[in-house]
Amino acid sequence: INGLKVVNDTLGHEVGDRVLETTAERLLGSVRDEDTVARFGGDQFVIAAAGLSTGALRGLADRLVRTLGAPIDDDDASVQRTVSVTVGMAKSDTRMQAQDLLRRADVAMHQAKRAGTSWGFYEEGQQGLPGDELVLHSALHGALDRQELSVVYQPIFESDTGRITAVEALIRWTHPELGRVGPDQFIPIAEKHGLIAAMGDWVLRQAAEQGAVWNTEAERPTLMAVNVSPRQLVDPAFADRVEAILLEAGLTPNLLSIEITETVLMADDATTVRNLRRLDQLGTRLALDDFGTGYSSLSHLRRLPISVVKIDRSFIDGLATEKDDSAIVSGVIGMARGLDLKIIAEGVETKAQADALRGLSCDFMQGYLFARPLPRDAVSKLLGLEPGAPPADDVPPEAGRDHSWRASLAR
7 INGLKVVNDT LGHEVGDRVL ETTAERLLGS VRDEDTVARF GGDQFVIAAA GLSTGALRGL
67 ADRLVRTLGA PIDDDDASVQ RTVSVTVGMA KSDTRMQAQD LLRRADVAMH QAKRAGTSWG
127 FYEEGQQGLP GDELVLHSAL HGALDRQELS VVYQPIFESD TGRITAVEAL IRWTHPELGR
187 VGPDQFIPIA EKHGLIAAMG DWVLRQAAEQ GAVWNTEAER PTLMAVNVSP RQLVDPAFAD
247 RVEAILLEAG LTPNLLSIEI TETVLMADDA TTVRNLRRLD QLGTRLALDD FGTGYSSLSH
307 LRRLPISVVK IDRSFIDGLA TEKDDSAIVS GVIGMARGLD LKIIAEGVET KAQADALRGL
367 SCDFMQGYLF ARPLPRDAVS KLLGLEPGAP PADDVPPEAG RDHSWRASLA R
């Protein structure tokens with residue numbers, strides 16, 4: 007619980023105790039009966055949960071941030087506060103002491119607070135990172151030159167046919183000493199220290215070049231989308247750089263889609279708007295990523311020529327079991343239909359979720375149920391453009407032979 011000491015000092019310990027009691031009640035109401043909830047310190051609580059997928063954990067973390075962050079009505083005032091939720095996890099076949107899992111969650115908490123985010127993950131295989139942001143900044147500064155950055159691709163599937171219609175490119179950073187560093191850790195640092203433009207241009211170039219290759223080999227026209235940072239869009243020269251990269255790569259502008267976040271939509275920055283309209287004039291498409299995690303509404307989409315909306319995984323996680331999530335997804339899809347927008351559902355991990363999305367007429371789906379992120383060559387094989395096939399665990403049963411794709415810079 008962030009700022010509990012301030013509550014105690016300004017409103018009194020009786021109000022602080024009420025905050026703790028309400029937090030405990032909301033925690034118990036947000037988890038399963040088999041989960042364990044415990045107070046772990048003055049302002050900390052711990053949840054012990056087993057058998058949850060990564061997507062389910064992300065959904066739980068997002069719901070906790072929203073539920074626990076809601077105001078608490080006291081007799082004399084409404085108490086406002088925020089929470090930070092982080093996850094330390096291990097695979098089911100891994101033997102690990104409880105204190106090691108707690109240490110992982112603590113490392114993730116430290117990184118989340120330094121990055122200014124509400125929640126974060128310590129993923130399997132990630133090394134404990136130095137607390138000093140300058141260490142990460144220094145290491146990241148030369149990552150491109152040292153060829154430590156890479157791109158993997160996760161296919162997106164058409165709901166009705168199960169055919170691959172898109173591929174999202176996810177950036178990865180593996181440091182020789184720090185190990186794998188999550189995008190949620192290094193992207194904020196890249197944005198803060200002015201490295202995001204070079205990194206974003208690199209991802210765009212990789213995506214454009216790969217898109218041009220696949221487009222030449224595939225039978226149908228292909229779409230390549232790149233998710234750009236708000237920091238890139240405030241650069242007056244951004245649209246010109248995109249045009250130059252596309253020209254150099256040999257990818258026509260109408261085969262590129264630019265993904266933006268709700269932050270961009272709400273900021274309404276003049277330079278950003280000019281860049282996006284310039285890209286639209288070039289023939290590129292615009293898509294809104296992670297819809298539902300910010301404060302925008304679909305009415306804001308009319309400000310820009312957006313054609314695709316991606317529903318955030320936090321709503322998909324509870325789609326088959328939570329009435330509220332189902333109502334939200336159904337409402338978003340219905341309003342999107344009225345605005346002639348296409349819908350992509352992120353983080354689909356169960357058949358029940360996929361069946362529910364098909365019932366709601368969702369256009370496209372993406373998630374571990376269909377395919378994990380794959381190296382470029384494995385995706386080419388999955389698309390039928392190279393001999394051989396990717397490992398069996400990576401091939402979705404629904405995969406078909408009709409293909410186009412899309413790529414984005416994952417934060």
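In the working numbering, the protein residues as written are 7 to 417. Using N, Cα and C, we set each Cβ at its ideal position, and we do this for glycine too.
If you ignore the 5 residues before and after G353, its C-beta comes within less than 6 Å of the C-beta of G61, R319, I322 and G373, all in its own chain and listed in chain order.
For the pair V71 and Y159, the Cα-to-Cα distance works out to about 29 Å. Of the candidates L288, A326 and R64, the residue whose Cα lies closest to the Cα of L253 is L288. If you look at G9, you'll find it isn't in any alpha helix (DSSP H); DSSP assigns it neither H nor E. Residue range M230 to N233 is occupied by the beta strand (DSSP E) that includes V232. Going by C-alpha positions, I170 is about 17 Å away from S263. Cβ neighbours of H143 within its own chain (closer than 6 Å, five residues either side excluded): I195 and H199.
Residue burial is scored here from C-beta neighbours: K316 has at least 16 other C-beta atoms within 10 angstroms and is therefore classed as buried. Between the alpha carbons of I339 and A114 lies a distance of about 34 Å. Our two residues, H116 and N260, have alpha carbons roughly 42 Å apart in a direct line. Looking at R284, D330, T327 and F370, the one whose alpha-carbon comes closest to that of P311 is R284. Comparing C-alpha distances from R178 to each of E164, F163 and Q212 shows the shortest one belongs to Q212. Shown here, Q160 sits in a strand according to DSSP, grouped into three states.
Put simply, the backbone Cα of M341 is about 11 Å away from that of I334. In the three-state reduction of the DSSP assignment, M95 falls in the coil class, being assigned neither a helical nor a strand state. For T88, the secondary structure class from DSSP, reduced to helix, strand or coil, is strand. Judged by DSSP secondary structure, G217 falls within the alpha helix (DSSP H) whose first and last residues are I202 to E223. V157 is the residue among T180, A54 and V157 whose C-alpha sits nearest the C-alpha of D383. Judged by their CB atoms, L375 and L388 are not nearer to each other than the 9 Å cut-off.
Going by C-alpha positions, D166 is about 7 Å away from R364. Straight-line measurement puts the Cα of L74 at about 16 Å from the Cα of V21.
In the three-state reduction of the DSSP assignment, A384 falls in the helix class. For T278, the enclosing alpha helix (DSSP H) starts and ends at A276 to L288. For D296, the uninterrupted beta strand (DSSP E) segment begins and ends at R291 to F297. Contact between the stretch 232-250 and the stretch 199-208 is present, with at least three C-beta pairs closer than 8 Å. Put simply, the backbone Cα of T277 is about 6 Å away from that of P242. W125 and N8 have their C-alpha atoms some 12 Å from each other.
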